[in-house]
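Residue numbers (this note's numbering): 586 to 654.
From the three backbone atoms N, C-alpha and C, an ideal C-beta is built for every residue, glycine too.
What follows is a single structure, written as structure tokens, with notes after it.
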Amino acid sequence: MKHRNPKKLAQRIVGIILLTGGNLIATTLYLPEFRYVPELFERLQMYRAIALVLGITGAIIFARSFKTK
Numbered sequence: 586m587k588h589r590n591p592k593k594l595a596q597r598i599v600g601i602i603l604l605t606g607g608n609l610i611a612t613t614l615y616l617p618e619f620r621y622v623p624e625l626f627e628r629l630q631m632y633r634a635i636a637l638v639l640g641i642t643g644a645i646i647f648a649r650s651f652k653t654k
């Protein structure tokens with residue numbers, strides 16, 4: 586089966602991967618166990634922010650794949 590627009594299909598796939606992957610990583614880094622180790626908790630703040638940005642970027646790419654001209 587051929588997709589009508591391979592570029593949009595690729596955008597959707599990349600968007601879904603970034604959205605789910607970024608959110609999954611961010612959620613994992615928010616586990617309560619990390620709160621009891623202050624040094625680790627502070628270091629993970631940056632990684633959480635990066636993961637959330639990845640998730641947001643994925644959502645934007647995915648949403649733009651539905652845009653029509």
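Report task. May I have the straight-line CA-CA distance separating ASN590 from TYR621, to the nearest angstrom? Result -> 49 Å
Query - Residue range of the alpha helix (DSSP H) that includes LYS592 - result: 591-613
Query raised in the report: Taking C-alpha atoms, which residue in ILE645, TYR632, ARG597 lies nearest to LEU609?
Result: TYR632
Query - Neighbour-count burial assignment, LEU625, 16 or more Cβ in a 10 Å radius - result: exposed
Query raised in the report: Helix, strand or coil: which one does DSSP assign to PHE651?
Result: In the structure shown, PHE651 sits in coil (DSSP, three-state: anything other than H, G, I, E or B).
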